[in-house]
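Chains A and B supply the protein sequences, listed in that same order. According to this note's numbering, the first sequence is numbered sequentially starting from 77. According to this note's numbering, the second sequence is numbered sequentially starting from -5. Even glycine gets a Cβ: it sits at the ideal position worked out from N, Cα and C. First comes the structure, then the notes that go with it.
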Amino acid sequence: MEPEKKRSTTRRWGWFHKLRRHPISIVLVFVLFSKIIGEFYPFSPFSMYSNPSSEPLRYYYVADGAGEPIPILWHSGQTPARLTKKHRAERGKIEERLENSDGKEQLSDAEIRAEAGEIVLRYVIKLSHGRSEKRHLKPPLQLVEVAIHMDDDGELHETPVTVANLEPEEESKP
Amino acid sequence: MNTAAIKKRTAKWFARGFVPVPVGQIEWLWMRVLFAPMMFWAIWDFHPYVHAVQTHPVGLAMVFDLTWLHESWVRPLFSGLAVPALILYLFGKGMPIALGLLSLVNILPRTLANSQGHINHSHQIVSVVILTQFAVAVWWWWRQRRHPQQIAAKPELSAASYYVYFSQGIIAGTYMVAALSKFLNSKGMWVWNAPYISFDLVKSQRQEYYKLLEDPALLHTARAAEWVVENPMLARVAFGGSFFLEAFAIVALKNRTWAFWTGIALIALHRGILAVMNLHFYNNELLLLIFYLNVPFWCWWVTQKLRRNAVAL
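Structure follows, in structure tokens:
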């Protein structure tokens, strides 16, 4: 490289070399590393609420056989927020399984939601059985999904749908 | 003022500060005294140990099976190991061993808890601060052996300066990565799309109700959400402020004054989120209180100031 060109390149990257030696660079590396590695405890990109959009937003709660909500935190130690995340994660797992089946196994969106919902219901039942007897959950149970959306006039609405039902005889399924 | 002048002034502002500063031994002791109970509580908490499976492994659980942490002997053992480690930490002795042990007994159970398909983000900040202090402890130990002349060249900068600087830096980093995620995931439109956070405001209020069904008022109108929908431009200004506060949290590293005011602003942000979304950020607030607000230092500073004035009078 010609000396003049080399000097110009050195000047252009001077700030980088200065920053590289500065202790603050550790913090910047941490930020980039956390973003790249994703959810790798204790690192996280903290991506909650990172993409607000007009798409309906869903949350879930657990109800008894008659559709009446039950205090799930008291029964299982889990919050509706965690069940919402769990349902999303289980849906992702089912979708991955369907993709890997090369089209041999096909499920509609409602069926995927129902299967994920049953897993969530069995999960809370299992957790409740690790607690005192009065907190034990038993089928029939429902998982209710509520979609929050906005109409054309800018008004907010909530639409509940039962996505999964767990009947008494189904409890023993693996 | 032209662009060149603004650029020059900005460069000058950033050129000063942002480096470790001398930290008094008492100041650092206070921080340890306040942080140690936080660590103990995080390790003592039984919640991370209730899971017998890891259906959605994250972190180390992707490599190792951590379900053995569910066994009944683990929690008493981990809590038992934490006690001597915390005593060493409080006395500032054997820091690499103490913080290494604390990192292990804190991170493993929390990794298992986050491997259930519902990731909880409230403890990460505590774990990364412990891990950071462990890294500083190992680095300082290595530096004492390999480069004692570097330490002797700057006697005013003890290990405490680096513990505090990097703890503050990593706390700022957690806010900055959240802002970076917002920017990238929304393709730069986060502030503009912020009125849609009204959906989240409704969701968090309802989720709060369905926990224990205690307060039926939470099933009715979400006032904050309505305000956001009715005042989208004001909402953009309000949420935009929080976005830029997160993105520029690194200004806390400039000096103690900036750390103090950044801490106040971030605690106010968390209090605001608690008011409208019922989301608690106790760990963040406590860490900001310990490492940013640094109340014992400011008490000492005010006392010194008053004493000097008294002498002058």
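- Between P215 of chain A and E243 of chain A, the C-beta gap is smaller than 8 angstroms, which places the two residues in contact.
- With a threshold of 8 angstroms between beta carbons, L95 of chain B makes no contact with chain A.
- For G153 of chain A, a Cβ of chain B is located within less than 8 angstroms of the residue's own Cβ.
- Excluding residues up to 5 positions away in sequence, S152, G153, Q154 lie with their Cβ nearer than 7 angstroms to the Cβ of L203 of chain A in the same chain.
- The beta carbon of L63 of chain B sits closer than 7 angstroms to the beta carbons of Y43, L102, P103, L106 from its chain, once the five residues preceding and following it are set aside; these are given in chain order.
- Boundaries of the beta strand (DSSP E) harbouring N241 of chain A: 232 to 242, taken from the DSSP string.
- At a beta-carbon threshold of 9 angstroms, the residues of chain B lying near E166 of chain A are T49, H50, G111, ordered along the chain.
- DSSP places L213 of chain B in the helix class (H, G or I) of the three-state scheme.
- Residue state for R302 of chain B is assigned as helix, using DSSP reduced to three classes.
- Counting every other CB atom within 10 Å of its CB across the protein chains shown gives V296 of chain B a total below 16, marking it as exposed.
- Here DSSP, grouped into helix, strand and coil, assigns M124 of chain A to coil.
- For the region 165 to 185 of chain A, the set of positions with a beta-carbon nearer than 9 angstroms to some beta-carbon of chain B reads A165, E166, G168, K169 in chain order.
- Residue contact check for F116 of chain A against chain B: a CB pair falls below 8 angstroms.
- Assignment of alpha helix (DSSP H) within the region 140 to 228 of chain B, counting only whole runs of 4 or more residues, yields 142 to 147, 153 to 179, 184 to 187, 191 to 206, 217 to 224 in chain order.
- Between the region 76 to 96 of chain B and the region 27 to 41 of chain B there are three or more inter-stretch CB-CB distances shorter than 8 angstroms, so the stretches are counted as touching.
- The DSSP assignment places 156 to 176, 185 to 204 as complete runs of the alpha helix (DSSP H) inside the region 155 to 228 of chain A, in order along the chain (cut-off: 4 residues).
- Where L106 of chain B is concerned, there is no enclosing beta strand (DSSP E), although the alpha helix (DSSP H) around it starts and stops at 89 to 107.
- A Cβ-Cβ distance of about 31 angstroms is found for the pair G111 of chain B and V185 of chain B, leaving them out of contact under the 8 angstroms criterion.
- Within the region 153 to 165 of chain B, those residues whose Cβ lies closer than 7 angstroms to any Cβ of chain A are, in chain order, Y159, F160, G163, I164.
- Taking 7 angstroms as the Cβ-Cβ cut-off, the region 192 to 219 of chain B approaches chain A at S192, F193, D194, V196, K197, R200, Q201, Y204, K205, L206, L207, A219, given in chain order.
- By the neighbour-count definition (other C-beta atoms within 10 Å, threshold 16), P149 of chain B is an exposed residue.
- Contact check for P290 of chain B and S155 of chain B: beta-carbon distance about 16 angstroms, past the 8 angstroms limit, so the pair fails to qualify.
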